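*Asks:*
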Amino acid sequence: MRSATLISLMLLSSIAIGQANPFTVHARPFMNPAANHIVFKGDSSAWATWHAALDRAVFEGEGQLSMVHIGGSHVQADQWTMQLRHRFQNLAPGMRAAKGFIFPYNMAKSNNPWWYRPEYTGKWTALRNVHAPENSTLGMAGISATTTDTLAELKVSFRDDIHPGYTFDRVRVLHRMDSSYQVFAWSTDSTVRIERRVDELRGFTEFTYDSHSDTLRLRIERTDSAQRQFTLYGIELGTGDPGIVLHPLGVNGASTASWLRCMRFSEELALLHPDLVILSIGINDAHDPDFNGERYEANYREIIRRVRVASPKAAILLTTNTDSFMKRRYVNKNAGAVRDAMLRLSASEGVGVWDTWGVMGGEGSMRAWQKAGLAKADRVHMNRNGYELLGDLLFGALMEQYGNHIKLTSR
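Add 693 to a position in the sequence shown, counting from 1, and you land on the number used in the numbering used here.
1. Measure how close the beta-carbons of Ile937 and Val970 come, nearest whole angstrom, since I'm counting them as under 8 Å.
2. When you compare each of Trp817, Pro797, Lys816, Thr818 to Ser810 by their alpha carbons, which one comes out closest?
3. Which ranges does the beta strand (DSSP E) cover as unbroken runs of at least 3 residues, wholly within the region 965 to 1007, from first to last along the chain?
4. Thinking Ala746 and Asp968 are a contact (beta carbons under 8 Å), I'd like their distance in whole angstroms, please.
5. Could you tell me which whole alpha helix (DSSP H) segments of length 4 or greater appear in the region 1053 to 1086?
6. Determine the closest residue to Arg1060 out of Gly1045, Val1024, Glu1081, with distance taken between C-alpha atoms.
7. Which of the three DSSP states is assigned to Trp817 in this structure?
8. Please specify which runs of the alpha helix (DSSP H), each continuous and at least 4 residues long, are wholly inside the region 820 to 889, giving them in chain order.
9. Please list, in chain order, all residues of the same chain as Asn1076 whose beta carbon is under 7 Å from its beta carbon, the five residues on each side excluded.
10. When you compare the region 934 to 951 with the region 913 to 920, are there three or more beta-carbon pairs, one atom per stretch, that lie closer than 8 Å?
11. Where does Glu1093 sit, in a helix, a strand or coil, going by DSSP?
12. Note the first and the last residue of the continuous alpha helix (DSSP H) segment covering Glu961.
13. Is the beta carbon of Asn1014 closer than 8 Å to that of Ala950?
14. Beta-carbon separation of Val645 and Gly1096 under 8 Å?
15. Using a 10 Å radius around the Cβ and a threshold of 16 neighbouring Cβ atoms, would you call Leu1087 buried or exposed?
16. Using DSSP with H/G/I as helix, E/B as strand and the rest coil, what is Arg1022?
17. Would you mind working out which of Arg999, Asp978, Gly946 sits nearest Ser803, comparing C-alpha positions?
18. Please check the pair Val761 and Ser1039, which I expect to be a contact at CB under 8 Å, by giving their CB distance rounded to whole angstroms.
19. Val768: which of Ser948, Glu990, His1098, Phe1018 sits nearest, CA to CA?
20. How big is the Cα-Cα spacing for Val864 and Tyr813?
21. Going by alpha carbons, who is nearest to Ala785 out of Asp748, Lys816, Trp807?
22. Helix, strand or coil for Phe733 per DSSP?
23. Under a Cβ-count criterion, where at least 16 other Cβ atoms within 10 Å of its own Cβ denotes burial, should Gly1041 be classed as buried or exposed?
24. What three-state label does DSSP hand Phe781 in the structure shown?
25. Just tell me which of Gly1057, Gln1063, Arg890, Thr1049 has its CA closest to the CA of Leu1091.
26. Pick helix, strand or coil for Asp903, following the three-state DSSP scheme.
27. Check this for me: beta carbons of Val751 and Asp1085, under 8 Å apart or not?
28. Enumerate in chain order the residues of its own chain whose CB-to-CB distance from His905 is below 8 Å, with the five nearest sequence positions on each side excluded.
29. Among the residues of its own chain, which have a CB less than 7 Å from the CB of Arg921, if the five just before and after it don't count?
30. Within the continuous alpha helix (DSSP H) that includes Glu1042, where are the two ends?
31. How is Leu911 classed by DSSP in three states: helix, strand or coil?
32. Compare the C-alpha of Ala720 against each of Val1073, Gly1051, His1098 and name the closest.
33. Evaluate Asn741 with the Cβ neighbour count: other Cβ atoms within 10 Å of its Cβ, from every protein chain shown; 16 or more gives buried, anything less gives exposed.
34. Between Pro806 and the rest of its own chain, which residues show a CB-CB distance below 7 Å, the 5 nearest in sequence each way excluded?
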């Protein structure tokens, strides 16, 4: 069994004897640290499974935990999620597993996370769940890219100037299943062996490498003139290493209605085997002039149902909206209604709630975050420092909840 790490010892020694959470973030004057907790209004039994899996990873170095974060532009940029990923993957030695799910957003003419750099050839068109028709073929990414070229290539490399780059030895390319298009992976190192397998039923081509690689190279070829398009739904970069993988699934402008248009959502999410799903959907609903609290709650209830179709035992966490302004001038009054809906869902659906809005300082607090250099001028989005602070705050709340579990099980 792995000996307890410094962080694990901090959790055991401080929380087990009733001391403060060692991961508490230093609060700014405009924040509300008293709100930085995971709240349960109903059944929380699903979290016992998550915590038990975390125990095995932290104390025994066994198992790979899968976390998924779903939302809009707050998630697509992978700054909030990256900070949370960084904290979890440094929780103990050997916890840093794979990067997980990625999408080449620049291929779809949208902003790409800084941490990885897609380079591609060919002409591509995008479909986002924000504008997709009802019952679209979109999956868990909420976005797709399509080409009609006979040959296209994609290269993905990692930037390591802020966080260390990732390696992988397993790749799943999720795509439209047409026998006339084939996907191949290749390496500039001629000694690397890559095995290819097509899973038509579950909708992906999988590649297994005999050694770890830090750069993905794909070639997409049309082999029959009868089919004239190839659609990419996303890429999962994996390893067999123990630890934690945190997959970001975000689309700029996506609302609850947007995610309900993705008919392949559950079947693709099941491929990630999520142990914890974080749902941060609501900022775009709240900015809709026709926002309706009852409709919003009903939509969210259906999203929760679809998550459970994919992973019945997964713990689910809802995060309330960040504070925001309408047209930079008027406080968005719907943030409170979003929080109230999530608390009702906590009671009826057995999910946790992290009150982002309350932690930030409540109504109008975005003004203070902007003044402190943590938010952008639009008073809707954070900058990197702001998202990193949100990541640290959420990590602290999750660690407090985990500490409560340790306190109970260590007696």
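Each residue gets a CB set at the ideal place from its N, CA and C atoms; glycine is no exception. On a predicted model such as this, the values are computed, not experimentally measured, just so you know.
*Replies:* Inspection of the coordinates gives the following:
1. As a working note, residue 937 is residue 244 in the sequence shown. As a working note, residue 970 is residue 277 in the sequence shown. The pair is not a contact, with the Cβ atoms about 14 Å apart (cut-off 8 Å).
2. The sequence position of residue 810 within the sequence shown is 117, counting from 1. First, the amino acid is wrong: residue 810 is Arg here, not Ser. Of Trp817, Pro797, Lys816, Thr818, the residue nearest in Cα terms is Pro797.
3. 969 to 973
4. For the purposes of this step, residue 746 is identified with residue 53 of the sequence shown, where counting begins at 1. For the purposes of this step, residue 968 is identified with residue 275 of the sequence shown, where counting begins at 1. Between Asp968 and Ala746 the Cβ distance is about 6 Å, and since that is below 8 Å, they are a contact.
5. 1058 to 1064
6. Taking the first residue of the sequence shown as 1, we reach residue 1060 at position 367. Minimum Cα distance to Arg1060 is reached at Val1024.
7. Taking the first residue of the sequence shown as 1, we reach residue 817 at position 124. Trp817 falls in the coil class under three-state DSSP.
8. none
9. As a position in the sequence shown, residue 1076 is number 383, starting the count at 1. Cβ neighbours of Asn1076 beyond the five flanking positions: Leu1067, Ala1068, Lys1069.
10. no
11. Working through the sequence shown from its first residue, we reach residue 1093 at position 400. Glu1093: helix per DSSP, three-state reduction.
12. Mapped onto the sequence shown, residue 961 falls at position 268. Looking at the DSSP string, the run of the alpha helix (DSSP H) that includes Glu961 is 958 to 962.
13. For the purposes of this step, residue 950 is taken as the residue at position 257 of the sequence shown. For the purposes of this step, residue 1014 is taken as the residue at position 321 of the sequence shown. No, Cβ-Cβ distance for Ala950 and Asn1014 is not below 8 Å.
14. The structure shown does not extend to residue 645, since the chain is modelled only from 694 through 1104, so no value can be given for it.
15. One-based indexing of the sequence shown puts residue 1087 at position 394. Using a 10 angstroms sphere on the CB of Leu1087, the tally of other CB atoms reaches 16 or more, which defines it as buried.
16. In the sequence shown, residue 1022 corresponds to position 329, counting from 1. Of the three classes helix, strand and coil, the one that applies to Arg1022 here is coil, per DSSP.
17. Residue mapping note: residue 803 aligns to position 110 of the sequence shown, counting from 1. Per the Cα distances, Gly946.
18. Taking the first residue of the sequence shown as position 1, residue 761 is located at position 68. Taking the first residue of the sequence shown as position 1, residue 1039 is located at position 346. That belief does not hold up - the Cβ atoms of Val761 and Ser1039 are roughly 19 Å apart, past 8 Å.
19. What you label residue 768 is simply residue 75 of the sequence shown in a count that begins at 1. Comparing Cα positions, the closest option is Ser948.
20. Translated into the one-based positions of the sequence shown, residue 864 becomes position 171. Translated into the one-based positions of the sequence shown, residue 813 becomes position 120. Val864 and Tyr813 have their C-alpha atoms some 17 Å from each other.
21. As a working mapping, residue 785 is identified with position 92 in the sequence shown. Considering only alpha carbons, the answer is Asp748.
22. On the sequence shown, position 40 is the one that residue 733 refers to. Strand.
23. For the purposes of this step, residue 1041 is taken as the residue at position 348 of the sequence shown. Reading off the sequence, residue 1041 comes out as Ser, not Gly. Exposed, since its Cβ has fewer than 16 Cβ neighbours within 10 Å.
24. Within the sequence shown, residue 781 is the residue found at index 88, counting from 1. Reduced to three states, the DSSP call for Phe781 is helix.
25. Along the sequence shown, one-based indexing puts residue 1091 at 398. Per the Cα distances, Thr1049.
26. Here residue 903 refers to the residue found at position 210 of the sequence shown. Correct three-state label for Asp903: strand.
27. In the sequence shown, the residue the question calls residue 751 occupies position 58. In the sequence shown, the residue the question calls residue 1085 occupies position 392. Taking 8 Å as the Cβ cut-off, Val751 and Asp1085 do not qualify as a contacting pair.
28. Position 212 of the sequence shown, counting from 1, holds the residue named residue 905. These residues qualify, in order along the chain: Thr860, Phe861, Asp862, Thr932.
29. Taking the first residue of the sequence shown as position 1, residue 921 is located at position 228. For Arg921, where only same-chain residues beyond five positions count, the Cβ hits under 7 Å are Thr841.
30. Position 349 of the sequence shown, counted from the start, is the residue given in the question as residue 1042. 1028 to 1042 is the span of the alpha helix (DSSP H), which, as asked, contains Glu1042.
31. Locating residue 911 in the sequence shown gives position 218, counting from the first residue. If DSSP states are grouped into helix, strand and coil, Leu911 belongs with the strands.
32. Taking the first residue of the sequence shown as position 1, residue 720 is located at position 27. Minimum Cα distance to Ala720 is reached at Gly1051.
33. As a working note, residue 741 is residue 48 in the sequence shown. In the sequence on display, residue 741 carries Ala and not Asn. So Ala741 counts as exposed.
34. Looking up residue 806 in the sequence shown gives position 113. Ala770, Asp771, listed in sequence order.
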